[in-house]
Amino acid sequence: MKNTTAFSHRPDTSPRRVLRILLLAAADLVLAAGIAFFVYVSIYYHPEEAATEALVSDAAVRVEQRDDGWFFDGPSEEKLLVFYPGAKVGETAYAPFLRRLAVQGMDAYLVKMPFHLAVFGAGRAAAVLEDPAFAGYTQRYVGGHSLGGAMAASFAASNTSCTPNLDGVILFAAYPTKKLDDSLQELSIYGSEDRILNRQALRQGREYAPADFTEYVIRGGNHAGFGNYGFQKGDGEATISAEDQQKEAVRAVMNFVSAREKACRESGKASF
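For the sequence shown, numbering that gives the first Met the number 0 begins at 0 and goes up steadily by one.
Below, the structure is given as structure tokens:
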């Protein structure tokens with residue numbers, strides 16, 4: 000009688016094999032996360048035709064495209080706003096608004112952001128403010144729309160001591176998340192029909208505001224009206240046009256900075 004021996008197959012559970020499996024699983028997760036991220040950032044709000052037209056220089060405003068953004072050079076030689084765009088919005092959607100601002104007396108630098116997300120470029124204002132080409136401006140502000148505004152405020156909060164020539168922050172549908180130094184000024188502008196702006200966070204942001212703080216509400220304005228990129232999902236319906244919202248925002252900004260310029264002159268103090 001022939002004897003047969005049964006062999007049972009045992010899985011390889013050696014540390015080397017387990018490590019290999021774990022590394023392959025981790026690589027798959029990283030790859031999947033990377034694909035998901037690039038799909039996420041590839042979907043964003045695109046500028047409307049009016050935004051493209053606003054990038055053309057004319058007698059009133061010279062628009063210069065640079066490596067890290069666009070410079071809107073109007074008649075002002077004193078006032079400058081370094082502007083951070085909102086999250087997942089094509090930067091040039093803010094060209095009509097910033098052109099209007101430059102025409103009225105405040106030049107603007109629209110900063111280009113990685114992946115259209117200011118959270119990845121929160122410190123980019125430093126390069127603009129330190130550029131000798133902009134050293135002649137005596138009233139210098141950082142600001143932006145939505146997440147861009149929050150990141151600009153974070154930059155101001157973290158760089159007050161090393162950026163002494165910064166006057167303040169101008170926020171559009173945004174709020175600070177860190178305490179702003181009382182040497183700064185803050186203007187907060189938002190629309191009454193904005194349904195994206197977190198009102199609880201906005202109230203919390205007032206606690207981080209400097210002593211010189213002004214809030215301005217545009218009646219009938221919404222979240223997306225500061226740019227030209229169409230309706231934003233989740234936003235309220237504006238009862239005024241984006242053009243009117245931007246014009247009113249420009250007036251509020253100019254009134255704000257002009258009042259402080261006047262107070263500075265009357266007190267006999269120079270800006271810097």
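C-beta atoms are modelled at their ideal positions from N, C-alpha and C, and glycine is treated no differently.
Since we're looking at a predicted model, the values are computed, not measured.
If you compare the alpha carbons of ALA241, ALA200, ARG198, GLU206 with that of GLY219, the shortest gap goes to ALA241. Between ALA173 and SER145 the beta-carbon gap is near 6 Å, inside 8 Å, which marks them as a contact. Taken through DSSP and simplified to helix, strand or coil, ARG61 comes out as strand. In this structure, LEU100 lies away from PHE133, with their beta-carbon atoms at least 9 Å apart.
With respect to the 9 Å criterion, GLY224 and GLN245 are classified as neighbours on the basis of their beta carbons.
Scanning the region 85-167 for uninterrupted alpha helix (DSSP H) segments of 4 residues or longer gives 94-102, 124-128, 146-158, listed from N- to C-terminal end. Contact annotation: the region 14-31 does not touch the region 207-215, with fewer than three C-beta pairs closer than 8 Å. Leaving aside the five residues that flank VAL249 on each side, the residues in its chain whose CB is nearer than 7 Å to its CB run, in chain order, ARG99, LEU100, GLN103. DSSP, read as helix, strand or coil, puts LYS261 in helix. Note that the C-beta distance between VAL110 and GLY68 is below 9 Å.
Each of ALA59, VAL118, ASP106 was checked against the Cα of LYS87, and the nearest Cα belongs to VAL118. Around ASN221, the same chain offers GLY190, GLU192, ASP193, ASP234, GLY235, ALA237 as residues with beta carbons nearer than 6 Å, after the five sequence neighbours per side are excluded.
The shortest CA-to-CA distance from PRO175 to any of THR91, ALA208, SER182 is the one to ALA208.
Exposed is the label assigned to PRO113, since fewer than 16 other Cβ atoms lie within 10 Å of its Cβ. Look at GLU247 here: in three-state DSSP terms it is helix.
Secondary structure note for GLU48: it is in no beta strand (DSSP E), and the uninterrupted alpha helix (DSSP H) holding it is 48-52.
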